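When we follow the numbering used here, the leftmost residue of the sequence shown carries the number 1207, and every step to the right adds one. What follows is a short report on a single structure.
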Amino acid sequence: AFVDPWTVRGAIDYTKLIEQFGSTPISPALLARFEAATGAKPHVFLRRGLFFSHRDLESILDAHEAHRPFFLYTGRGPSSDALHLGHLVPFMFTKYLQEAFGAPLVIQITDDEKYLFAKPDAHGKPLEAFTAQGRENVKDIIACGFDASRTFIFLDSQYVGTMWPNIVKIQRAVTASQAKGIFGFVEADNIGKWSFPAVQAAPSFASSFPGILPQSPADVLPPATSETTAASAPAGQTPAEPAPAEESSSSSSSAAADAAGEGKKTSKKDAKKERKMKAIAARGGEPAGGGGG
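What follows is the structure in structure tokens.
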């Protein structure tokens, strides 16, 4: 069995994955609280266990009950001209969350990621081709029926400059050994791959969207196909600037590889660094409180 950010194969022990990634099962009691707080019946994906774990969903419900603002964040990597049903799953669920919470939403179209991570047979495909695919994908996303007055969709290749201050701070907070341990990067990979996680983390902060989202402390709930988790972050702030971190002294595997029985044993210090990396990747930095996913 094997799980990493791009691949799932074999018989997966999801209970062990929950433990390794530090998330929490979504319980019937939590679903009951969700319905009481929002007035919305839990989505069929929740009722049937398609989305089965979370991080800080309680904090999101706390914010909603206290009338504190937060926003939603999801995205799409344009690998084709049209979305199939599997691609639509996170957007269907995000639309439900937007309606249930009445929250604003940002949708990241990662044309840059698809260009950087293109398979060898697609190396001749220019960035502009992925951008064009992204534009086509946006049409399908709009057709899902999001609230146009509360939704901002952007292409990385066109909007990344606005997010750049946060991206740089996130890059400084993460070491190469941490990125390698989580994502499995190798020296032969282009440097764009190594730095891309910071680009994907930056939208977790409202400060990446000046003039679009309120620039005050808030929370972020990032739903995705591979991470059905909730995170709480000071969205009105920028990522903290930490002191330079030490490189890991040993080669640590990702938690996913550990779950598959293929990882090496790591020290408590290395495991702590990996958990911190996951939180940074989900939240865009070192927030003041709460977990990430």
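Built from N, CA and C at the ideal position, the CB exists for glycine as well. It should be emphasised that the depicted structure is a prediction, and the values quoted were computed from it without experimental measurement.
| Item | Value |
| --- | --- |
| For SER1285, which residues in the same chain have their Cβ closer than 7 angstroms to its Cβ, ignoring the five residues on either side in sequence? | LYS1320 |
| Can you list, in chain order, the residues of its chain with a C-beta nearer than 8 angstroms to that of LYS1301? Leave out the 5 residues immediately preceding and following it. | CYS1350, GLY1351 and PHE1352 |
| Can you tell me whether VAL1312 is helix, strand or coil according to DSSP? | strand |
| If you compare alpha carbons, which of ILE1388, HIS1260, ILE1218 and VAL1209 is closest to PRO1231? | HIS1260 |
| Based on DSSP bridge pairs, tell me the residues matched to THR1230. | HIS1260 |
| Closest by CA to ILE1347, which one among VAL1380, MET1369, ASP1287 and ARG1239? | ASP1287 |
| Mind pulling the beta strand (DSSP E) runs of 3 or more residues that sit fully within the region 1279 to 1348? | 1311 to 1315 |
| Nearest by alpha-carbon distance to VAL1344: which of GLY1283, LEU1267, LYS1325 and VAL1380 is it? | GLY1283 |
| What residue range is occupied by the uninterrupted beta strand (DSSP E) comprising ILE1418? | Segment: none, ILE1418 is in no beta strand (DSSP E) and carries neither H nor E. |
| Since SER1414 contacts GLN1377 with CB under 8 angstroms, what's their CB separation in whole angstroms? | Actually they do not touch by this definition, with Cβ atoms about 14 angstroms apart. |
| State the beta-bridge partners of THR1357 as determined by DSSP. | LEU1311 |
| On the CB-based measure, 16 or more other CB atoms within 10 Å of its CB, does ALA1235 come out buried or exposed? | exposed |
| By a C-beta neighbour count over all protein chains shown, 10 Å radius and 16 as the cutoff for buried, is THR1213 buried or exposed? | exposed |
| When we look at the beta-carbon of GLY1281 and count the other beta-carbons within 10 Å, is it buried (16 or more) or exposed? | buried |
| Considering VAL1366, what are the terminal residues of the alpha helix (DSSP H) in which it resides? | 1362 to 1379 |
| Under DSSP, the alpha helix (DSSP H) around PRO1403 begins and ends at which residues? | 1397 to 1407 |
| State the start and end residues of the unbroken alpha helix (DSSP H) segment that holds LYS1386. | 1382 to 1389 |
| Roughly how many whole angstroms lie between the Cα atoms of ASP1219 and PHE1208? | 10 angstroms |
| If we count Cβ pairs, one from each stretch, closer than 8 angstroms, do we get three or more for the region 1221 to 1229 versus the region 1237 to 1257? | no |
| Quick one: measure Cβ to Cβ for ILE1266 and PHE1276, integer angstroms, because I've assumed they're closer than 8 angstroms. | 6 angstroms |
| So, PRO1296 versus ARG1356, is the Cβ gap smaller than 8 angstroms? | no |
| Along the chain, where does the alpha helix (DSSP H) that runs through PHE1251 open and close? | 1250 to 1253 |
| What residues match up with PHE1208 in a beta bridge as DSSP calls it? | ARG1215 |
| Please report the Cβ distance between GLY1398 and LEU1322, rounded to the nearest whole angstrom; I am assuming they are in contact, meaning their Cβ atoms lie under 8 angstroms. | 4 angstroms |
| Measure how close the beta-carbons of ASP1362 and THR1316 come, nearest whole angstrom, since I'm counting them as under 8 angstroms. | 5 angstroms |
| Out of ALA1335, SER1410, ARG1239 and ILE1418, which one is the CA nearest neighbour of GLU1271? | ARG1239 |
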